[in-house]
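The structure appears right after this line, and notes come after that.
Numbering (the working numbering), first residue to last: 219 to 304.
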């Protein structure tokens, strides 16, 4: 499966996802979520089957989430409103 890791930083969770998914022979690409145009271009070029977004700090562009399966991974307590919460 082609999986795009869309993240603000290549932190420990993102690194763990990358290692585990690669070990399971998925084709994985990592893109830093800088702005809408970078995200849209990454999706266009990589053509992922799934987008995983650990600790995303901003909303995924509508043109992306309307056309691709996107899962935002943000572990924390219910109602978390920290600096990285969407």
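Ideal placement from N, C-alpha and C gives every residue a C-beta, glycine not left out. It should be emphasised that the depicted structure is a prediction, and the values quoted were computed from it without experimental measurement.
Would you mind giving the Cβ-Cβ distance between residue 263 and residue 224, rounded to the nearest angstrom? I have them listed as a contact below 8 Å.
Taking 8 Å as the upper bound for CB-CB distance, residue 263 and residue 224 are not in contact here, some 13 Å apart.
Would you decide whether residue 236 is buried or exposed? Buried here means 16 or more other CB atoms lie within 10 Å of its CB.
Flag for residue 236 reads buried.
Straight-line gap, residue 284 to residue 258 (C-alpha atoms, nearest Å)
As the crow flies, the alpha-carbon of residue 284 is around 12 Å from that of residue 258.
What do you reckon, are the CB atoms on residue 222 and residue 247 nearer than 8 Å?
In contact: residue 222 and residue 247 (Cβ atoms closer than 8 Å).
Close-in-space but distant-in-sequence residues of the same chain around residue 265 (CB under 7 Å, 5 per side omitted):
For residue 265, where only same-chain residues beyond five positions count, the Cβ hits under 7 Å are 220.
How many angstroms separate the CA atom of residue 241 from the CA atom of residue 281?
If I take the Cα positions, the gap works out to 30 Å.
Count the other CB atoms within 10 Å of the CB of residue 243; is the residue buried (16 or more) or exposed (fewer)?
Flag for residue 243 reads exposed.
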